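One structure below.
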Amino acid sequence: MSHRPPRLLRWRSSTGFIIATAWISFFTDYFLYAMIVPVMPTALVDRAGVAYEDREFWVSILLMCEAAVAFVCCPAFGYMLDAAPTRRMPYLLGLIFLGASMVLLALAHTIAVFIVARMLQGAATAMVAVAGLALLTDSVSTSNLGQTIGYLGSAIALGFLLGPLLGGLVYRVAGYQAVFAIAFAMVGIDLLMRVAVVEKAVAERWMQTHPSSCLPSRGEDGCTSSDSLVQQQQQPTASPTRRPSSSSSATSNNDQHQKPAILLIIREPRVLISSGALLIHGLLYSAFDATIPIFVESRFGWTTFGAGLAFLPSAITALFQPYFGHLTDTHGPRPIALTSFALLPIPLLALRLVTTAQPTHIALLLTCLTAIGCLINLCTPALYLETQSALAAMEARDPTVFGRKGAVAQAFGIQTMAQFLGLFLGPLWGGFVEWRAGWAVMTGSLAGLVGVMVVPVWWMGEGGGMGLLSSLGRVCAWGRKGKTRRGLDERAALLGARG
Numbered sequence: 001m002s003h004r005p006p007r008l009l010r011w012r013s014s015t016g017f018i019i020a021t022a023w024i025s026f027f028t029d030y031f032l033y034a035m036i037v038p039v040m041p042t043a044l045v046d047r048a049g050v051a052y053e054d055r056e057f058w059v060s061i062l063l064m065c066e067a068a069v070a071f072v073c074c075p076a077f078g079y080m081l082d083a084a085p086t087r088r089m090p091y092l093l094g095l096i097f098l099g100a101s102m103v104l105l106a107l108a109h110t111i112a113v114f115i116v117a118r119m120l121q122g123a124a125t126a127m128v129a130v131a132g133l134a135l136l137t138d139s140v141s142t143s144n145l146g147q148t149i150g151y152l153g154s155a156i157a158l159g160f161l162l163g164p165l166l167g168g169l170v171y172r173v174a175g176y177q178a179v180f181a182i183a184f185a186m187v188g189i190d191l192l193m194r195v196a197v198v199e200k201a202v203a204e205r206w207m208q209t210h211p212s213s214c215l216p217s218r219g220e221d222g223c224t225s226s227d228s229l230v231q232q233q234q235q236p237t238a239s240p241t242r243r244p245s246s247s248s249s250a251t252s253n254n255d256q257h258q259k260p261a262i263l264l265i266i267r268e269p270r271v272l273i274s275s276g277a278l279l280i281h282g283l284l285y286s287a288f289d290a291t292i293p294i295f296v297e298s299r300f301g302w303t304t305f306g307a308g309l310a311f312l313p314s315a316i317t318a319l320f321q322p323y324f325g326h327l328t329d330t331h332g333p334r335p336i337a338l339t340s341f342a343l344l345p346i347p348l349l350a351l352r353l354v355t356t357a358q359p360t361h362i363a364l365l366l367t368c369l370t371a372i373g374c375l376i377n378l379c380t381p382a383l384y385l386e387t388q389s390a391l392a393a394m395e396a397r398d399p400t401v402f403g404r405k406g407a408v409a410q411a412f413g414i415q416t417m418a419q420f421l422g423l424f425l426g427p428l429w430g431g432f433v434e435w436r437a438g439w440a441v442m443t444g445s446l447a448g449l450v451g452v453m454v455v456p457v458w459w460m461g462e463g464g465g466m467g468l469l470s471s472l473g474r475v476c477a478w479g480r481k482g483k484t485r486r487g488l489d490e491r492a493a494l495l496g497a498r499g
C-alpha cells in the first residue's frame, strides 16, 4: 500500500459506484454473449465452412463448450476470490479472458478457433458472475440485497435485449468485423470501471490510516459515502476486516483444522435446492438460445435480425428484476420461488401449439417467451438471496464455520456453477431433442422438468419443509442426548447404591 490514499477514494468506494461497476461488468459480458448468438449460425457457414444443415449442431456445441468451462471455473474462482487479499485482481482477470475471446472471435476462420474463443468467454462469464455477486454482498446490507441483485438482473436484461438487436443489425449493414468494433469499445469502458473501483474493506483501511483524507470539503458529507456504509452494512461472510478483531486469532487457529468451506456449503440443503433451481434456469435459457434462432428461421422465414427480435420480449421482463428483488426482500425467497416454478410449466406447454407462420402462432410464441422470461426473472433474486440467508444461518449456529475469510464467493461460485451446468445441458436437451424428436417434445419435456422442480422448491427456507425437517432433526438429536444423559445418571445412581 502506497503512502498516499487513491484519488477520489470516497467516490470510488461508494456503494453507488460499486453497484455501477458490477452493473457495467454484467451488462458487458451478457451483451457480448447475446450479440454473438444471432450472428453465429451464419458466421459458422460463411467463415468456418460449416455445412448449412449442420449449423444447429455446431451452435449447440459452442454453447456447451462455453458453459462447460464456466462450470469448471466457478468453484475455482470462488476459492480464489475468498483467498485473495482483495477481489480486484481476479475481477480484472475475468476481463482479460473476455477481451481475448473477442479477439479470437473476430479473427476466427476455423471451428477450433471458434471453440477456444467461446471457452475463454465462458471463463470470463464465470468470473464476472462470482466476483460481481461477492463484491455486492461485501458492500450492501442484507435487507437490500435482493433488490441490488435485481439491478444486476436488469443489466443482464439490457445485455440480452441490445446484444441480439445490435449484433444482427450491424452484421447485416456493416459486416462481421464491425460487430466486434462494438465489442472492443464495451470492453474498454468495462476496464476503466474495474480499475477505478475501490472495495469497502480497502477504503476502510485507508481511512483508518489517513483520517485527514476523509475530511469533508465545503458542502460535502465527509466519508458517509464509504466508511459509514461500511459500519452500517457489515456482512457476516465478508472480508477479514469485517470480522471482530477479538475473534481473529481463534478463527485463524480454526482455519487450520476445519473442512474446506465448499464441502460445508454443498451439504446445506437450502443451498442445494436454490442451486438446483438455478440449474433449471440455465437449462431453459440455453435450450431456447440453441433452438429459437433456427426455429423462427425455418418456420417463419425470419432473418438473423428477426431471430434477434425473438429474444426481445423475454429480455424486457428482466428490467423488472429490481422490483422482483424488492418483493423478495419483503416477502422472503420461498413464496416468490414457489410461485415462479408453479406457473412456469403453463407457457412451456403452450409453446407446443406453435407450428406455423400464422399471425396467431407468432403472437403465441412471443407471449409464451415473455411469460417464461418474466417468471424466471421473478425467481432469480430469490434464489441468490436464499443462499446468502443459508450462509448467515450456518454462521449463526457456528461463527467460526467458514474461518476468518468467509465463504461468500465460494457459495456464489456453487450457484453459478449450477447455472452453467444448466447452460451446458440446455443445448443437449433443447437442440438435440428438438432435432431428433421435434419442437413439441422438446417444449413438453422442459415443462415436465420444471414441474418436478416445484417439489424441492417447496422445501426452501427456514420456514419451509426443509426448515421443519432441520428443526425436527435438532429436536430428535436433543431427545437422544437427553435419554443418554438420563441413562448415565440412573446408572451412576445404581452404582452408588451398590457401593
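Letter by letter, the sequence shown follows residues 1 to 499 of UniProt numbering. Where is the CB? At the ideal position from N, CA and C, for every residue including glycine. Only a predicted model underlies this, so the values are computations on that prediction, with no experimental measurement involved.
Beta-carbon proximity check, residue i vs residue j, cutoff 8 Å
| i | j | result |
| --- | --- | --- |
| I111 | I262 | no |
| Q177 | Y33 | no |
| M193 | I24 | yes |
| M442 | V455 | no |
| V179 | V59 | no |
| I280 | V271 | no |
| F71 | M417 | yes |
| A100 | F424 | no |
| L375 | S340 | yes |
| V37 | D289 | yes |
| V198 | R12 | yes |
| L135 | A22 | yes |
| G94 | Y285 | no |
| G78 | Q410 | yes |
| T142 | Q388 | yes |
| L161 | L312 | yes |
Residue i - DSSP class collapsed to helix/strand/coil
| i | result |
| --- | --- |
| R7 | coil |
| residue 549 | What the structure shows of the chain is the stretch from 1 to 499, and residue 549 is not part of that stretch, so it cannot be assessed. |
| residue 552 | The question about residue 552 has no answer, for the chain in this structure spans 1 to 499. |
| M460 | coil |
| P164 | helix |
| P38 | coil |
| I266 | coil |
| R172 | helix |
| F311 | coil |
| P216 | Summary for P216: the model assigns pLDDT 41, below 50, so the residue's position carries little reliability; its value from the coordinates is reported in the next sentence. Coil, per DSSP. |
| V198 | coil |
| H281 | helix |
| V50 | coil |
| T86 | coil |
| M417 | helix |
| P260 | coil |
| T291 | helix |
| W429 | helix |
| T303 | coil |
| T443 | helix |
| T355 | coil |
| A22 | helix |
| G467 | Low confidence applies here, because G467 scores a pLDDT of 49, under 50, leaving its location unreliable; read the following figure in that light. If DSSP states are grouped into helix, strand and coil, G467 belongs with the helices. |
Neighbourhood of residue i by C-beta, 7 Å cutoff - its chain only, sequence neighbours within 5 removed
| i | result |
| --- | --- |
| M186 | T28, F31, L32 |
| F184 | M102 |
| V296 | W302, G306, A307, A310 |
| L449 | I280 |
| F57 | none |
| A250 | Note that A250 scores 45 on pLDDT, short of 50, meaning its location in the model is unreliable; the coordinates nonetheless yield the value given after this. Only T400 meet the Cβ criterion. |
| Y151 | I19, W23, P322 |
| H109 | R47, A48 |
| A106 | Q177, F180 |
| D190 | I24, S25, T28, L95 |
Cβ shell of residue i (< 8 Å), same chain only, five flanking positions each side left out
| i | result |
| --- | --- |
| A84 | P90 |
| L446 | L283, L284, A287, L348, W429, G430 |
| A157 | A315, I316, T317, A318, L319, Q321, N377 |
N-terminal and C-terminal residue of the alpha helix (DSSP H) that residue i is part of
| i | result |
| --- | --- |
| A350 | 345-350 |
| T370 | 359-397 |
| F402 | From DSSP, F402 is part of no alpha helix (DSSP H); its letter is neither H nor E. |
| T330 | 321-331 |
| W435 | 433-437 |
Rounded Cβ spacing between residue i and residue j (contact assumed at less than 8 Å)
| i | j | result |
| --- | --- | --- |
| D82 | A407 | 6 Å |
| G461 | P333 | 6 Å |
| L383 | L145 | With a Cβ gap of about 12 Å, L383 and L145 do not count as contacting. |
| G153 | P381 | 7 Å |
Proximal residues to residue i (C-beta, below 6 Å), its chain only, five neighbours per side dropped
| i | result |
| --- | --- |
| M35 | G163, G167 |
| P347 | C368, A371, I372 |
| C73 | A123, A126 |
| S274 | L383, E386, T387 |
| S139 | T15, I18, K200 |
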